[in-house]
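Chemist:
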Amino acid sequence: MIYNLPFYAVIIIIAIGLYIIAFKRNLIKIAMGITIIQSGVNLFLITLGYRKDGLAPIFTHLPKDTPIPNGMVLPVPQALTLTSIVIGVAVLALILSFIIVLFREYGTLDTYKMRRLKE
Amino acid sequence: MTDEGLSLIVQNIVSLLFPLALIFSFYIILFGHVTPGGGFQGGAVGASAVVMLIVAFGAKKIHGNMSHENMSIFESTGALIFILTGLIGLIVASTFLSNFLVDTPLFGEIPAWGSNPGILNSGGILPVLNIAVGMKVIAGLSAVVLLMALAMEGKKK
Amino acid sequence: MRKILAFVFFIIFCGFLFISVYELHTFGDPPSDMDDYIINNAQNQTGANNAVTSVVFDYRGYDTLGEATVLFTAIAGVMILFRKRREP
Amino acid sequence: MIDTLLTHAPILIIAAPLLTAFILPLIDKVSTKGRNILALCAVVFTLILVVMLAQDVIENGIRIYTLGGENAHMALPSGYHVPVRITLVVDALSAFMVIISSLISFVGLLYSFAHVKGEGTGKFYTLFLLMLVGMLGMEMTGDLFNLFVFLEILSISSAALVAFYIRKGQPIEASIKFIIISSLAALFVLFATGLLYGEYNLLNMGALASEINSQTGGLTLVSQFAFILLLASFSLKAGSAPMHMWLPDTYGEAPGAISMFLVAGTQASLYALLRVIFTIYNTALDTSIIGGLLIILGLVSIFIGVTMALIQIDLKRLIGYAAVAEVGYILLAVGVGFFELAQGELSEYGLKALQGGIFHIFNDVLDIGLLFLVAGAIIYLTKETNLNKLGGLARSMKYSSFFFLIGLVAVAGLPPLNGFASKILIYEAIYKVSPLLSIIAILASIFMLAIFVKIFYSVFMGPQLPSLSNIPKTPLLMLTSMAILSGIMIFFGLFPDYIVDHLVTPAVNALVDNFTYITSITGGI
Numbered sequence: 001m002i003y004n005l006p007f008y009a010v011i012i013i014i015a016i017g018l019y020i021i022a023f024k025r026n027l028i029k030i031a032m033g034i035t036i037i038q039s040g041v042n043l044f045l046i047t048l049g050y051r052k053d054g055l056a057p058i059f060t061h062l063p064k065d066t067p068i069p070n071g072m073v074l075p076v077p078q079a080l081t082l083t084s085i086v087i088g089v090a091v092l093a094l095i096l097s098f099i100i101v102l103f104r105e106y107g108t109l110d111t112y113k114m115r116r117l118k119e
Numbered sequence: 001m002t003d004e005g006l007s008l009i010v011q012n013i014v015s016l017l018f019p020l021a022l023i024f025s026f027y028i029i030l031f032g033h034v035t036p037g038g039g040f041q042g043g044a045v046g047a048s049a050v051v052m053l054i055v056a057f058g059a060k061k062i063h064g065n066m067s068h069e070n071m072s073i074f075e076s077t078g079a080l081i082f083i084l085t086g087l088i089g090l091i092v093a094s095t096f097l098s099n100f101l102v103d104t105p106l107f108g109e110i111p112a113w114g115s116n117p118g119i120l121n122s123g124g125i126l127p128v129l130n131i132a133v134g135m136k137v138i139a140g141l142s143a144v145v146l147l148m149a150l151a152m153e154g155k156k157k
Numbered sequence: 001m002r003k004i005l006a007f008v009f010f011i012i013f014c015g016f017l018f019i020s021v022y023e024l025h026t027f028g029d030p031p032s033d034m035d036d037y038i039i040n041n042a043q044n045q046t047g048a049n050n051a052v053t054s055v056v057f058d059y060r061g062y063d064t065l066g067e068a069t070v071l072f073t074a075i076a077g078v079m080i081l082f083r084k085r086r087e088p
Numbered sequence: 001m002i003d004t005l006l007t008h009a010p011i012l013i014i015a016a017p018l019l020t021a022f023i024l025p026l027i028d029k030v031s032t033k034g035r036n037i038l039a040l041c042a043v044v045f046t047l048i049l050v051v052m053l054a055q056d057v058i059e060n061g062i063r064i065y066t067l068g069g070e071n072a073h074m075a076l077p078s079g080y081h082v083p084v085r086i087t088l089v090v091d092a093l094s095a096f097m098v099i100i101s102s103l104i105s106f107v108g109l110l111y112s113f114a115h116v117k118g119e120g121t122g123k124f125y126t127l128f129l130l131m132l133v134g135m136l137g138m139e140m141t142g143d144l145f146n147l148f149v150f151l152e153i154l155s156i157s158s159a160a161l162v163a164f165y166i167r168k169g170q171p172i173e174a175s176i177k178f179i180i181i182s183s184l185a186a187l188f189v190l191f192a193t194g195l196l197y198g199e200y201n202l203l204n205m206g207a208l209a210s211e212i213n214s215q216t217g218g219l220t221l222v223s224q225f226a227f228i229l230l231l232a233s234f235s236l237k238a239g240s241a242p243m244h245m246w247l248p249d250t251y252g253e254a255p256g257a258i259s260m261f262l263v264a265g266t267q268a269s270l271y272a273l274l275r276v277i278f279t280i281y282n283t284a285l286d287t288s289i290i291g292g293l294l295i296i297l298g299l300v301s302i303f304i305g306v307t308m309a310l311i312q313i314d315l316k317r318l319i320g321y322a323a324v325a326e327v328g329y330i331l332l333a334v335g336v337g338f339f340e341l342a343q344g345e346l347s348e349y350g351l352k353a354l355q356g357g358i359f360h361i362f363n364d365v366l367d368i369g370l371l372f373l374v375a376g377a378i379i380y381l382t383k384e385t386n387l388n389k390l391g392g393l394a395r396s397m398k399y400s401s402f403f404f405l406i407g408l409v410a411v412a413g414l415p416p417l418n419g420f421a422s423k424i425l426i427y428e429a430i431y432k433v434s435p436l437l438s439i440i441a442i443l444a445s446i447f448m449l450a451i452f453v454k455i456f457y458s459v460f461m462g463p464q465l466p467s468l469s470n471i472p473k474t475p476l477l478m479l480t481s482m483a484i485l486s487g488i489m490i491f492f493g494l495f496p497d498y499i500v501d502h503l504v505t506p507a508v509n510a511l512v513d514n515f516t517y518i519t520s521i522t523g524g525i
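Chains as they are written, first to last, in the working numbering: chain Y, 1 to 119; chain G, 1 to 157; chain H, 1 to 88; chain V, 1 to 525.
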């Protein structure tokens, strides 16, 4: 569908992240690339669950005339996104700590200059 | 950032804001099954309160008051509550993580179907798990930031 | 040379992602068998007004346990990295 | 009592090490001995439960467990037609993989008691148990998103463990490479999961398989793309050839037992790949194209593994490249099996190829694992990994050199040991498909033998180097764990038919027959 514009936005975000990972040399930038891809995928999951004119699936003080279930967005993608956000935070924390230790040992963040592993 | 942290103005405002942020985080955690929110979201707010302290006062001073070892114990406790709730569900009801608290006096009320004003004493094991996860996230994220900040400060000397 | 090859591969991959979402359902009108069940029954089965929380902690509670474990793992990993050490 | 235990066995297998991992940081403050005993108890308990469960599954068929449901054996909520809750599904293939993981974790834990010392040991065991949890979770889950979660647990804990010794920074470098690549792979698994969810609004693998296989007019484009993404990500995580770069680095820098455990981790990813190909998609795919692709991946892996192993001077990196070649053998066999799979019917050679491939998963972990354990002991005692600086170790490490010899014979696929038992099945089956393939496979094995014999001579034989004249004795626990592995290998080598009949063939049948898997979830609709 040509009107799937939010999906295309997701792909553009993922493409930006992939480009950074593939062509940049600084480790911090690579970590940023991973975060951008994570955000893209999270956005993708959220957009998957959107229903036109839908409200949040919470019943507290819901407007009385909301059709159930057709007037609500899907809850499962939101739960999946929550999970994947936390996983993203965990991965990012570990990557950043690796970068701190690596910088202490090598004194550089350039991936081309840190080749102590033999080829 | 020096070892003493930021200026006096920032420190004072942070000490004013810290309890407010913490209370807000508790609100989000405790009302997670009624209004938008939950353990993770509230935990992230609470952790950001602690991070605010770390930024304002410096990691050394905060580490003296609450070390990351204590946070790790706190975090393990949260995780243990989660998994033990699941195991109790296995023993008391049918399966692991089954919602055995529905229809009991504790968190057991069932709200009317459809739109309603919401009951705090509802949700079965959901509030328990929310609290467990909230504990875990506050302690865990603060511990990570504290460790990283300590490592960065140690490097400067 | 290697860079150009990588770039071509990158463009092909992105095009491929584009086509995959082009073929997906119309935005705003997803298929919803599983989710309708959850919206209809979440209140009676879990007693919670917030359907998202009931998915997170009840219907997919095991995922949340896994996710809490991921956080725990990452923190243990960070602690192992920054431990005081005497190298062997 | 036993019945209740068996009903809840799938979740208990995961919950026991997980609970222990959460308790360990608390116990660690009190007593280190208690911590070790607790970790060992958890692993042994898991192993016992796994064996009980596997026996039950192989005798009585597939077993499912619905988490949080009112009835553990019903995947569907009452009165509805799609599964909503997460299910654990244990069939004979899962049981086979779970046995491998828990056995390897037991051996690895024994080895680590002797190997890992100093600050941070408590966290080491915590992460070790979490890695076990990640593998077991991946191998038993019946839910695609859950697979992603446990994949992340596995990769994060392995990355942290690889970086356990920092030395001069090389382990961190290997580790950061590993975590970046595996989180990328995991993100694309998540993206593919999202695509499938958007297309069918399902996350359960059995229900997805039923939807995909019942479609008239072939696969939709979206599910084809999702398949390609899943194939690429999991083959990357399994260390197959074009994307194998992270594997020798990671294996080479990890502490001894962790290298072995990582091999089991890659096999868990391989299992996920097999699940996706055989269970979710099965004959909805074009078997000749995908089978051919797997065969090519396998051949390239074998070629790269063997040629790169030739030029290595670092002992553990060399074994790492050998591991790439072994993964190639598995992919080759599985590819031939899938190639022969037409309309759910398997020809005799296809069956034999799959038997060889699945059996080789176990043998690969055992062979490469044993070699890694010996290499870890050498590094622990001499602090030296360079092959040019090692020599004459047979005098001071008699038993270790014997175990290395066993591992060498098994990796090269020579008769009395387990490597031969599975490789002969593979050769025989692929000979019927194309004689050329089997000649290449045999040649690669011969090369492998040559490489390892050379290594054996340069490390263990020859004059004793002065720098290595007074190295300490090998710790008893290390020798015990090596002895356990070699005992199993010799048993497999002597009685291959018994293993193939009782363990491998049920696994192959479970793999090929996705109808039983689907009906166990959807209840025969």
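Even for Gly, the Cβ is constructed at its ideal location relative to N, Cα and C. The structure displayed is predicted, hence computed values, not measured ones.
Could you tell me if V/E119 is buried or exposed, where buried requires 16 or more neighbouring beta carbons within 10 angstroms of its beta carbon?
Modeler: exposed
Chemist: Is the beta carbon of G/G114 sitting closer than 9 Å to the one on H/L71?
Modeler: no
Chemist: For H/A42, I'd like the list of residues in its chain whose CB is within less than 6 Å of its CB, leaving aside the five on either flank, ordered along the chain.
Modeler: A51, S54
Chemist: Taking Cβ positions only, does G/G89 come closer than 9 Å to chain V?
Modeler: yes
Chemist: Could you tell me which residues DSSP pairs with V/R63 in its beta bridges?
Modeler: When beta bridges are read from the DSSP output, V/R63 appears opposite V/V90.
Chemist: Assign Y/M72 to one of three DSSP states: helix, strand, or coil.
Modeler: strand
Chemist: Does any residue of chain V bring its CB to less than 9 Å from the CB of G/N99?
Modeler: yes
Chemist: Using DSSP bridges, identify the partner residues of Y/I110.
Modeler: The identity of residue 110 of chain Y in the sequence shown is Asp, whereas the question assumes Ile. In DSSP, Y/D110 forms a bridge with Y/N26.
Chemist: Determine the direct distance from the alpha carbon of V/L196 to that of V/I525, and round the result to whole angstroms.
Modeler: Note that V/I525 scores 45 on pLDDT, short of 50, meaning its location in the model is unreliable; the coordinates nonetheless yield the value given after this. Distance between the alpha carbons of V/I525 and V/L196: 21 Å.
Chemist: Considering only their Cβ atoms, is the gap separating V/F403 from V/G413 smaller than 9 Å?
Modeler: no
Chemist: Determine, for H/Y62, whether the minimum Cβ-Cβ distance to residues of chain G falls below 9 Å.
Modeler: yes
Chemist: Counting pairs of beta carbons, one from the stretch 140 to 151 of chain V and one from the stretch 490 to 510 of chain V, are three or more of them closer than 8 Å?
Modeler: no
Chemist: Give the secondary structure of Y/T60 by DSSP, where H, G and I count as helix, E and B as strand, and everything else as coil.
Modeler: strand
Chemist: Suppose the cutoff is 6 Å on Cβ atoms and the five residues either side in sequence are ignored; what does the same chain contact list for G/M1 look like?
Modeler: With a pLDDT of only 48 at G/M1, under the threshold of 50, the placement of this residue in the model should not be trusted, and no figure is reported.
Chemist: Counting only beta-carbon separations shorter than 9 Å, does H/E87 have a partner in chain G?
Modeler: With a pLDDT of 47 at H/E87, under the threshold of 50, the modelled position of that residue is not reliable, and the figure given next carries that caveat. No, its Cβ sits nowhere closer than 9 Å to a Cβ of chain G.
Chemist: So the candidates are V/L109, V/G357, V/Y321; which of them puts its Cα closest to the Cα of V/L485?
Modeler: V/L109
Chemist: Can you list, in chain order, the residues of its chain with a C-beta nearer than 8 Å to that of G/F96? Leave out the 5 residues immediately preceding and following it.
Modeler: G86, L87, G89, L90
Chemist: Looking at V/A160: is its Cβ nearer than 9 Å to the Cβ of H/T69?
Modeler: In this structure, the beta-carbon distance from V/A160 to H/T69 does not fall below 9 Å.
Chemist: Quick check: does the Cβ of V/A185 come within less than 8 Å of any heavy atom belonging to the ligand HEM?
Modeler: Of the ligands one can find in the structure shown there are none, so the ligand HEM has no counterpart to examine.
Chemist: Hey, would you say V/A95 sits closer than 9 Å to V/A54, going by beta carbons?
Modeler: yes
Chemist: Whose CA, out of G/V144, G/H33, G/Q41, lies closest to the CA of Y/T60?
Modeler: For Y/T60, the nearest C-alpha among the options comes from G/H33.
Chemist: Can you give me the Cβ contacts of V/Q464 inside the same chain, cut-off strictly under 6 Å, excluding the 5 residues immediately before and after it?
Modeler: G392, R395
Chemist: If you measure beta-carbon to beta-carbon, which residues of the stretch 70 to 84 of chain V are closer than 9 Å to chain H?
Modeler: P77, Y80, H81, V82, P83, V84
Chemist: Quick check on this structure: which residue in V/S401, V/I358, V/F359 has the alpha carbon closest to the alpha carbon of V/A551?
Modeler: Any answer about residue 551 of chain V is impossible in this case: the structure gives chain V only from 1 up to 525.
Chemist: Taking 9 Å as the cut-off, decide whether the C-beta atoms of V/G523 and H/L24 are in contact.
Modeler: no
Chemist: Can you pull the chain V neighbours of Y/V86, defined as C-beta to C-beta under 7 Å?
Modeler: Chain V residues near Y/V86: none, gap ~10 Å exceeds 7 Å.
Chemist: For V/I141, which of helix, strand or coil comes out of DSSP?
Modeler: Per the sequence shown, the amino acid found at residue 141 of chain V is Thr instead of Ile. Correct three-state label for V/T141: strand.
Chemist: With a cut-off of 8 Å, do at least 3 Cβ pairs link the stretch 247 to 264 of chain V to the stretch 56 to 71 of chain V?
Modeler: no
Chemist: State the DSSP-derived secondary structure class of V/A342, mapped to helix, strand or coil.
Modeler: strand
Chemist: Quick check: the Cα distance between V/F297 and V/S422, rounded to an integer number of angstroms?
Modeler: Reading off the sequence, residue 297 of chain V comes out as Leu, not Phe. Distance between the alpha carbons of V/L297 and V/S422: 19 Å.
Chemist: Any beta-carbon of chain G closer than 9 Å to the one on Y/P63?
Modeler: True, the Cβ-Cβ gap to chain G drops below 9 Å.
Chemist: Which residues, in chain order, does the stretch 21 to 39 of chain V contribute to contact with chain G at a C-beta distance below 9 Å?
Modeler: A21, F22, I23, L24, P25, L26, K29
Chemist: Are the beta-carbon atoms belonging to Y/I95 and Y/A31 less than 9 Å from one another?
Modeler: yes
Chemist: Are there 16 or more other CB atoms within 10 angstroms of the CB of G/G69, so buried, or fewer, so exposed?
Modeler: Here residue 69 of chain G is Glu; the residue named in the question, Gly, does not match the sequence. Its Cβ having fewer than 16 others within 10 Å, G/E69 is exposed.
Chemist: Compare the Cα-Cα distances from H/K84 to each of V/V107, V/A75, V/T121 and report the closest residue.
Modeler: V/T121
Chemist: Just tell me which of V/I379, V/G357, V/M482 has its CA closest to the CA of V/F338.
Modeler: V/G357
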